[in-house]
């Protein structure tokens, strides 16, 4: 196995562990600002630990959280606009009754420079047809 493949596997394993840590932390808790601050601390700590363990390129991650339905996913903070757009579409497909303002707030919190309104407006138009 090449060093690059092994490194990628280590990065994937570290991301999986992060997801498990966050899921364990959130279990039984209401997804509110206090919980999200705790999640941010876990993410920051996990990234620092991963870097110390030789994963210098472990990406910056952020919690994408839909508080109204109690759902959270850890995503890369460096997603390109097309990736953010696809993430929005996937969330809408998975949770068709999600509150559009909750989705918009979650996207803006993770990706401050991205405007999700066109995705949300397209969703609203589909619902009205």
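Residue numbers (the numbering used here): 25 to 153. Think of the CB as a built atom: it goes at the ideal place given N, C-alpha and C, for glycine as much as any other residue. The structure presented is a predicted model; accordingly, all values stated were derived computationally and were not measured.
- Ranked by Cα distance from residue 129, the options 119, 141, 118, 121 are led by 141.
- Counting every other CB atom within 10 Å of its CB across the protein chains shown gives residue 38 a total of 16 or more, marking it as buried.
- Counting other Cβ atoms within 10 Å of its Cβ, residue 125 stays below 16 and is therefore classed as exposed.
- In terms of Cβ geometry, residue 67 and residue 83 do not form a close pair [threshold 8 Å].
- A check of alpha carbon separations from residue 61 across 46, 99, 120 identifies 46 as the nearest.
- Taking C-beta separations shorter than 7 Å and ignoring five residues to either side along the sequence, the partners of residue 35 in its chain run 79, 82, following chain order.
- Taking 3 residues as the minimum length, the beta strand (DSSP E) runs contained wholly in the segment 62-102 are 85-90, 95-100, in order along the chain.
- Secondary structure of residue 109 (DSSP, three-state): helix.
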